[in-house]
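Okay, structure first, notes after.
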Ligand code: NAD
């Protein structure tokens, strides 16, 4: 199978490398990042020429749509465009329309699992689009990840991703607030973890990714809050969730507040480049009111 891979950054680089290792005929394209061993084309259109599959792993919806327009013109009838970037739902649906007009199947397939999952080939994909197209490229997903969940029509993969990450942002904030309060009440962090992780306040944020150093399983908190999942990316995903909520007229007050807090953390309080759980040490410096 011939694959064009557009966007070879932190995520796309190792994903393309895994496809090459599995024996796929991969040509990549990225103006900046050129990982060792990945054959590189000068333009996305050249990488896509005659490809059975084009995978995109790009920073945002505007770039994804522009690149999609370029590559669709070169892709054969019946081929599949997989966009693994995290982008807004409406642009994902627009890309699917452009693909249909070009006789190409489009799948929006954002990922969970981060840079570690990309390197290990253990990503989870949330896939929107035609189920037959997903079956057609199942072998590609099987190399890049361990699970590809069909979520419905075009855009629904992005919808699943931003809903999941809105919950994640909110639960991480709640968990960090509770630790900051517990500290001020003189409650030992280990005792707090032991109770909450087996009680009704438990969540992935507490049990698997505990934001307090030295407590629970090893997490970015134990590594000076190096990401992990960067606060900047959480801010991006919370922004996408609120854009979608505005478009859909959905009431999401907690999501909106989480966006405001991560914005303040990343833009004005040293959160850029830190893990998203580093909001705990920041909250501890704050006073009420
Ligand atoms: P990145 O910035 O490392 O990589 C993006 C790459 O796209 C860059 O190398 C850039 O040069 C390239 N690019 C930009 N415009 C291009 C164009 N016109 N043609 C070809 N290449 C172009 O970002 P990343 O961390 O790899 O993230 C990629 C996507 O995955 C984002 O949408 C992000 O939200 C999502 N994501 C990232 C993570 C993570 O942990 N990094 C986790 C889940 C999802």
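Residue numbers (the working numbering): 1 to 289.
Glycine included, C-beta positions come from ideal geometry on N, C-alpha and C.
In the structure shown, the three-state DSSP call for residue 103 is coil. The closest heavy atom of the ligand NAD lies less than 7 Å from the beta carbon of residue 32. Residue pairing of residue 27 in beta bridges, as defined by DSSP: 4. Remark: the shortest separation between the CB of residue 35 and any heavy atom of the ligand NAD does not fall under 7 Å.
Residue 149 carries a strand assignment under DSSP once its states are collapsed to helix, strand and coil. Around the CB of residue 191, fewer than 16 other CB atoms lie within 10 Å, so the residue is classed as exposed.
The ligand NAD has a heavy atom closer than 7 Å to the beta-carbon of residue 8. Rounded to whole angstroms, the Cβ separation of residue 238 and residue 216 is 24 Å, and the two are not in contact under 8 Å. Residue 85 has its Cβ nearer than 7 Å to a heavy atom of the ligand NAD. By the neighbour-count definition (other C-beta atoms within 10 Å, threshold 16), residue 66 is an exposed residue. The beta carbon of residue 235 is closer than 7 Å to those of 262, 263, 266 in its chain, skipping five residues each way along the sequence.
CA-CA distance, residue 11 to residue 84, rounds to 10 Å. Distance from the CA atom of residue 178 to the CA atom of residue 224, rounded to whole angstroms, is 20 Å. Distances from the CB of residue 122 to the heavy atoms of the ligand NAD are all 7 Å or more. The beta carbons of residue 211 and residue 205 sit about 7 Å from each other, so the pair counts as a contact at 8 Å. The beta carbon of residue 260 sits no closer than 7 Å to any heavy atom of the ligand NAD. The region 39–81 is shown to contain whole beta strand (DSSP E) runs of 3 or more residues at 53–56, in chain order.
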